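Residue numbers (this note's numbering): 8 to 98.
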């Protein structure tokens with residue numbers, strides 16, 4: 008959300024890769040697809056900046072969890088699952 012608040016639009020996959028410190032835009036896209044499968048975000052196909060965070064209740068929590076998952080922070084998977092359940096996602 009910080010990127011969107013600063014720039015007025017979501018990052019591209021390449022920009023996201025640079026922000027997250029991952030090797031490539033494909034790596035960033037893989038993480039985005041995982042978040043989409045879990046219901047955190049919606050990706051618009053064919054649009055470079057087509058990332059939308061679902062549910063405006065706690066968008067910063069979703070971003071924090073994404074960062075933790077990407078960086079393999081211990082316990083991040085469990086926190087992400089708990090957050091999804093709390094948000095009403097069917098797992």
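Beta carbons: idealized from backbone N, C-alpha and C, even for Gly. As the structure is a computational prediction, the values presented were derived from the model and not from experiment.
Our contact map puts residue i next to residue j with C-beta atoms below 8 angstroms; I'd like the distance itself, whole angstroms only.
| i | j | result |
| --- | --- | --- |
| residue 23 | residue 42 | In fact, because the Cβ distance is near 11 angstroms, the residues do not count as touching under 8 angstroms. |
Tell me whether the beta-carbon of residue i lies closer than 8 angstroms to the beta-carbon of residue j.
| i | j | result |
| --- | --- | --- |
| residue 45 | residue 91 | yes |
| residue 49 | residue 33 | no |
| residue 16 | residue 56 | yes |
| residue 174 | residue 26 | No statement about residue 174 is possible, as the shown extent of the chain runs from 8 to 98 and does not include it. |
| residue 36 | residue 69 | no |
Return the bridge partner residues of residue i from the DSSP annotation.
| i | result |
| --- | --- |
| residue 60 | 48 |
With a CB to CB cut of under 7 angstroms and the five nearest residues on each side skipped, what residues in its chain are close to residue i?
| i | result |
| --- | --- |
| residue 29 | 35, 77 |
Could you check if residue i belongs to the surroundings of the ligand FAD, using beta carbon to heavy atom distance under 7 angstroms?
| i | result |
| --- | --- |
| residue 25 | Ligands in the displayed structure: none, and consequently the ligand FAD is not present. |
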